[in-house]
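Below: one structure, written as structure tokens.
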Amino acid sequence: MGVVEEAHNVKLVGSGDQTIVLAHGFGTDQSVWKHLVPHLVDDYRVILFDNMGAGTTNPDYFDFERYSTLEGYAYDVIAILEELRVKSCIFVGHSVSAMIGAIASITRPDLFTKLVTVSASPRYLNDANYYGGFEKEDIQQLFEAMQSNYKAWCDGFAPLVVGGDMESVAVQEFSRTLFNMRPDIALSVAQTIFQSDMRHLLCHVTIPCHIIQSMKDLAVPVVISEYLHQNFGGKSIVEVMQTDGHLPQLSSPDVVIPILLKHIRCSIAT
Amino acid sequence: MMLSTATQLSTPPTATPSTVVPLANRNIYLNPRLQQGGTGQMGNQRSEEVKKVLDILVRTKKRNPVLVGDSEPEAVVKELFRKIESKELGAEGPLKNVQVISIEKEFLYDKNQILSKIKELDRVIESRIVSGGVILDLGDLKWLVEQPMSFGGAQQQQVVSDIGRAAVVEMGKLLARFTGDGTNDNNLWLIGTATCETYLRCQVYHSTMENDWDLQAVPITSRSPLLGIFPRVGTERILSNPGENLNPLKSVPTLHPALTRRVSENLDPAQRTSFCPQCSDNYEKELSKLVAIEKSFSEAKQEDNRPSLPLWLKNAKLQSSDAKTIDQSEGKYQEVLSKQKTQELQKKWRETCLHLHPNYHHKIHSDRTAPPALSMPSLCNPNLFVRPPFQPRLQTTKPLGEVLQLNTNPVTSQPQGCTSSIPGSPVRTDLVLGPKGTENTPEKATEDGVKDLLGCISSEPQTKVLDKFADALDADTYKKLLKGLKEKAWWQAEAATAVASAITRCRLGNGRCRGAGSRGDTWLLFTGPDRVGKKKMSSVLAEQICGTIPVIICLGSQRGGEESDMNFRGKTAIDRIAEAVRHNPFSVIMLEDIDEADMILRGSVKRAIERGRLTDSHGREISLGNAIFILTGDWSTTNPEATRDGHVVDGKKLASIASRDWQLGLIVREKSAKRRVNWLQNEDRPIKPRRELGSGLSLDLNLAVDTEDDRTDGSHNSSDLTIDHEDELGLVGRQFTITSVPHELASIVDDSIVFKPVDSSFVRREIKNTISVKFSMVVGDNLPIEIEDDVLEKILGGLWHDQTSLEQWIENVLAPSFNQLKPRLPSIESRGLVVRLVVESDSGERRNGDWLPSRITVEG
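Sequence lines, in order, name chains A and B.
Residue numbers for the first sequence follow the numbering used here, so the first one is 1 and each next one is one higher.
Residue numbers for the second sequence follow the numbering used here, so the first one is 271 and each next one is one higher.
Pasting the structure below:
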């Protein structure tokens, strides 16, 4: 058991010729894929891991400098793949991990055959000729709220992001994993994510990308999926689902799982 | 591979410190922190602590270590003993042949024999110590300061600490006996662990212990990497190691908060499934769908991987066909999860049913009390479904209190007892939250009774009676409300009409239908820049509908700190809203500046609007009851020139004017002919006498008849109201647009009402007219009154901030002084004279609480 595997709680399940990496987004851990994994294990070798900074990882390993950009996370992904001697994989990334996967695929295109992005956004802040969904002030307030009372912030943020009642299992689940994060780490990760701008890198992504997006998503406006489609360097395809929330794979698995499976199994026609 | 992964996760890293090193150097992408040794580093930390302990052991003084720390000091002790046992400490030194004697658990439990046990220990040590020394492991020292839970009581505690004290003394003697010879060989050491709390207690209860036992505290840092102990580890990690369920008790509440909450709701089992047939059909359908989904997951078979799958993966397949492979705790967990889902579904339908078919629930209840039950299908009277129940909204219309009481008295007396026992009625719960004080007065109590009943009653006859009311109510409340609104905020006539009709509509149950069934809470959105108008209208609403003052909560950045209530310090706005609702579910709550609120707050408010329930920052949910919420925001763009030129009333400027202390006076002067002519001719139309002034601008139909003859005076308008509008729109409409009310907000509130910026010339003219008309009524038509613009400005400023309306002020302050003035006027020929309303004194700071002068000096 390598130190990388242990630090990232790497889990290998299923068997098959192809390897699928499932990468979770902010405020969650690998359990966000719980509805999807059972459908993959028969045909694929599935790699699950936790991003550094997730509540399930050791906070001592969280290097605030390394993880002040998304590259740090991308190197982690490659480190895991190297460690497990994976030669090629399909990378399924949710939210920020989609961009992490994109960066990793730019660094090591040989390792990735396909990128499936769920609720991905290259930039969350609005800009000239770009609509990311957030104003600078919004983000600032968000950070302030996180700093002042993390618990309250979690309870408010979770239903907003998931898009449901506080009572729903999905929201409970998300607020649990969110609150698991150490508050200072959560703030740092959120700052990294919300201040990231990957737009200039998109054109360097050469592997095929499948862009999957919720119809209604607080964090990512639906137009973003089109932006990604236009700007990815390689082939890409967009599917907008009739779902609500930033974590559709958790909140409406019955809609999302078939779509995800379709995009994992099939490739873009040439 | 996977198998070993799962099992190794739980083993302490210290056991496998060397296996990781060879791989680590190869990977260039590796996190440097991991490269530095990762688990090895943790091991180093541990071994450093062990070294510290060893250093203490070889000292001659203070050489008995107590490891103090909240995280696992035992692990260090264990590591130490392991080293001693495996002779890693080398052949030299005093510890080379040392033996470890651990105090057995029974020793600690049987308090009464503790002393004799120590004596026994004495003999054991004596027999062993010759071979090279003994370390006596005392374990966790809490046995010295705590007693088993079963004893309890202060008396017992005294006894136990006596025993503890005796044990300390005995142990001290023991130590002295075996170390007395001074040689470093054949020594006795003590070693123990304690949490910080325990150690502090030891120091308090056994003050001599530290010296007698020759103790040295060793702080153990809390950087334990042990996953099982690490407090932030997700619960599934603990559960993911079968048979390693370290802390089942801890994991259950975090996993199923919803479940526990549900349990605490205290629903009797009969209630749980009480839907009417229609709803239970729907429920069954959804349940079977849920089961099907779960089935489909379980059919994704993965027996091969079963042992390696973490539990959360298995959760996805809830009703696994081969449950025997899953151990019991997992099975239970699954069951709980599945149950949770089912309950969620049940609850959803129960609520839906309660909303849609309150009839059914009422009948169910009366079935229970009155045996002659009707057959089930007939209970769900289909035509009742069509009409949303309006009752929960009716009761708060305060002005009708007496009427309501009269007519519902028979109702209240009859099922009073039954209301208290109707289970699951949301209205009832709300009332429990309401303030106790109000229930004391008999009138209120009855009213509450009415409210209670209205919430759950829906049997035909009563509904009909109430239905009739509703119609009568409609016109009446509307008129009264509109009158009130227009009186206080007369410059917003259009908005007043809109507010009144919106409120009336919502109160009668025709509001926007949000979520399932109808709800009691009302949400209005006031847009536009006129903060004063919004506030005044809110107070009118609160006063007329709830009989209280409105609760004003500022969601945006605080303005001027006017509403900085001490009680609200340190509370989030959401908590304040929740508190306001909890305090009085029948109130008007004004949420100011929603446009400036942060995203999370906006989201919470939005969800509250959608669901009728509010979740405060502690996760507690409360129903919004029958509160009227008024959201205010600006969202407007006003032409800056309009503000600068004074076309539009500027709140800040007014505040500065009105905040000074000023007095008005009436003086009689020779009039300058020029001025008079000017005044009469140029402003002829606006000051046309308005006889209906006593009743303000109220839109009573009777007034229309009165104004008929006004047309003859050459006005091109049929009524005053249209004049106002023409003027208002003419000037202001050009310069003002509501631009960006977010659709997400506008679409979910019951109604949104635009408050235009206030046209200052219109307002001034209006004040002037009203005063002149009053003057002519009191003094007579043949004497004109002149009011300068600066005076008008001041009056306007006062009105802006004061609670009184213009009419009230004129009636209470101006009219008496006019009366005072009247006898002093030359009675016969007053031609050539003019009365002027002027500023008497303008002396800096405002002294008293009133914004408007309360009396006017009259100079004959």
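Glycine is no exception: its CB is placed at the ideal position from the N, C-alpha and C atoms.
Nearest-angstrom Cα separation, counted from B/R620 out to B/Y553
So the two alpha carbons sit approximately 9 Å from each other.
Apart from the five residues on each side of it in sequence, which residues of its chain come closer than 6 Å, Cβ to Cβ, to A/F194?
Y124, I139
Applying the 10 Å Cβ sphere with the 16-neighbour rule, what's the burial state of A/Y131?
exposed
A/G101 - containing alpha helix (DSSP H), residue span
Counting along the chain, the alpha helix (DSSP H) containing A/G101 begins and ends at 96-107.
Contact criterion: CB-CB distance below 9 Å. Does B/L1132 meet it with respect to chain A?
Only positions 271 to 1130 of chain B appear in this structure, which leaves residue 1132 of chain B out of reach.
Give the residues of chain B in contact with A/M166, contact being defined as C-beta atoms less than 8 Å apart.
T885, G889, E891
Measuring CB atoms only, is the region 79-94 of chain A touching the region 54-68 of chain A, in the sense that at least three cross pairs come out at less than 8 Å?
no
Please name the residues in the region 852-880 of chain B whose beta-carbon is closer than 7 Å to at least one beta-carbon of chain A, in chain order.
If the cut-off is 7 Å between Cβ atoms, the region 852-880 of chain B has D868, M869, I870, G873, S874, R877 near chain A.
Report yes if the C-beta distance between A/I47 and A/V96 is below 9 Å; otherwise report no.
no
Test: B/I844 CB closer than 9 Å to a CB of chain A
When Cβ-Cβ separations below 9 Å define contact, B/I844 makes contact with chain A.
Helix, strand or coil for A/S236, going by three-state DSSP, please let me know.
strand
For A/M52, which option in A/G25, A/P38, A/V32 has the closest C-alpha, if you only look at C-alpha atoms?
It is A/G25 whose Cα lies nearest to the Cα of A/M52.
May I ask you to verify whether the region 151-162 of chain A touches the region 875-889 of chain B, counting CB pairs closer than 8 Å and requiring at least 3?
Yes, the region 151-162 of chain A touches the region 875-889 of chain B.
Contact defined as beta carbons within less than 8 Å: I believe B/L1062 pairs with B/V1105. What is the distance between those atoms, to the nearest angstrom?
With a Cβ gap of about 15 Å, B/L1062 and B/V1105 do not count as contacting.
Among B/H853, B/M860, B/E1110, B/E764, nearest to B/L811 - alpha-carbon criterion
B/M860
Rounded to a whole number of angstroms, what is the C-alpha to C-alpha distance between A/S15 and A/V86?
13 Å
Chain-ordered residues of the region 458-481 of chain B with a beta carbon less than 9 Å from chain A:
So the list is empty, because no residue satisfies the distance condition.
Contacts of B/N297 in chain A (Cβ-Cβ under 8 Å)
V4, A79, E82, E83
With a cut-off of 8 Å on the beta carbons, I'd call A/V37 and A/V13 a contact; round off their distance for me.
So it is a contact: roughly 6 Å between Cβ atoms.
Sequence-distant residues of its chain with Cβ nearer than 8 Å to A/Q133 (five each side left out)
Before going further, note that residue 133 of chain A is Gly rather than Gln in the sequence given. If we look at A/G133 and ignore the five residues flanking it on each side, its Cβ neighbours are S121, Y124, N126, L218, A219, V220, P221, I224.
For a test of the three-state rule: what should DSSP assign to A/Y124, helix, strand or coil?
coil
Nearest-angstrom Cα distance between A/L187 and B/A897?
36 Å
Quick check: the region 470-478 of chain B against the region 381-397 of chain B, are at least 3 beta-carbon pairs closer than 8 Å?
no
B/T463 and B/L337: beta carbons closer than 9 Å?
yes
For the alpha helix (DSSP H) holding B/M807, just list the boundary residues, first then last.
801-811
Reference A/F112; option with closest CA among A/A128, A/V92, A/Q242, A/I211:
Answer by Cα proximity: A/V92.
Rounded to the nearest angstrom, what separates A/R182 and A/G55 at their Cα positions?
7 Å
I want to verify the contact list: residues of chain B whose CB lies under 9 Å from the CB of A/D155, in sequence order.
T885, D886, S887, H888, G889
Sequence-distant residues of the same chain with beta carbon closer than 7 Å to B/N1089, five excluded per side
V1048
Inspect the beta-carbon positions of B/D407 and B/S372 and report whether they are closer than 9 Å.
yes
Would you kindly work out how many angstroms separate the C-alpha atoms of A/P159 and B/G903, rounded to a whole number?
24 Å
Relative to the alpha-carbon of B/E862, which residue among B/N854, B/E880, B/A843 has its alpha-carbon at the smallest distance?
Comparing Cα positions, the closest option is B/A843.
Element boundaries [alpha helix (DSSP H), containing A/R265]
253-265
So, using beta-carbon positions, are B/D1021 and B/A768 closer together than 9 Å?
yes
Unbroken beta strand (DSSP E) run spanning B/G462, endpoints
458-464
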